[in-house]
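Undergrad: Sharing a structure here in structure tokens format.
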Amino acid sequence: MSTPAVNTDATGLVIRGYDPVAYFTEGRPVPGRADLEVEYQGGKYLFASPANREAFKANPEKYLPRYGGYCAFGVAMGKKFDIDPGSWRIVDGKLYFNLNPTILEKWSADTKGYIPKSEGYWPKIREKAASEL
């Protein structure tokens with residue numbers, strides 16, 4: 002069952018079924034396979050290969066998207082927005098997603114400013130539904 006702290010689709014998938022490990026290992030979004038699933042902290046993650054699934058299971062915190070997979074720019078504004086799996090960036094070894102390419106560009110222009118704002122808001126909004134914000 003999904004929690005408000007994790008951005009899932011109607012089937013419980015996080016990152017719309019894309020492999021979180023592939024962003025680090027391949028540097029691009031790669032769709033996961035339904036037969037390579039791991040449930041973690043209220044969401045289901047799919048993986049493109051057994052090796053990626055095992056890497057995640059060994060160290061999920063390394064690969065989890067920040068802010069439960071919600072838009073990093075939105076969290077900096079105290080909101081929860083969905084994401085585009087193609088609008089992503091790794092900053093200081095952490096995976097961030099954004100709503101769309103335009104928002105990603107805006108967020109990327111000042112990650113040093115937006116990330117601290119997001120870090121401040123996230124504990125306050127983490128357990129709230131997007132509709133409450």
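Count along the sequence shown starting at 1, add 1, and that's the number in the working numbering. The beta-carbon is built from N, C-alpha and C at its ideal position, and this holds for glycine as well. Small disclaimer: the values here were computed from a predicted structure and weren't measured.
Decide if the stretch 34 to 50 is in contact with the stretch 9 to 17; the criterion is three or more beta carbon pairs, one per stretch, under 8 Å apart.
TA: As far as the Cβ criterion goes, the stretch 34 to 50 touches the stretch 9 to 17, which means the pair count is three or higher.
Undergrad: In whole angstroms, what is the alpha-carbon distance linking N60 and G114?
TA: For this step, residue 60 is matched to residue 59 along the sequence shown. For this step, residue 114 is matched to residue 113 along the sequence shown. Each residue's alpha carbon lies about 28 Å from the other.
Undergrad: Go through its chain and collect everything with a Cβ distance to P102's Cβ below 6 Å, but skip five positions before and after it.
TA: To locate residue 102, count along the sequence shown from 1; it is residue 101. Excluding sequence neighbours, P102 sits near S88.
Undergrad: So does the stretch 82 to 101 actually touch the stretch 46 to 56, counting three or more Cβ pairs closer than 8 Å?
TA: These segments do not touch.
Undergrad: Work out the CA separation of D83 and C72 for me, nearest whole Å.
TA: As a working mapping, residue 72 is identified with position 71 in the sequence shown. As a working mapping, residue 83 is identified with position 82 in the sequence shown. Approximately 6 Å between the Cα atoms of the pair.
Undergrad: Return helix, strand or coil for A131, following the three-state DSSP convention.
TA: For the purposes of this step, residue 131 is taken as residue 130 along the sequence shown, with counting starting at 1. Correct three-state label for A131: helix.
Undergrad: Over what stretch of residues does the beta strand (DSSP E) that includes L105 continue unbroken?
TA: Counting from one through the sequence shown, the residue named residue 105 turns up at place 104. From DSSP, L105 is part of no beta strand (DSSP E) but of the alpha helix (DSSP H) over P102 to S109.
Undergrad: Taking the alpha helix (DSSP H) that G114 belongs to, which residues open and close that run?
TA: For the purposes of this step, residue 114 is taken as the residue at position 113 of the sequence shown. T112 to I126 is the span of the alpha helix (DSSP H), which, as asked, contains G114.
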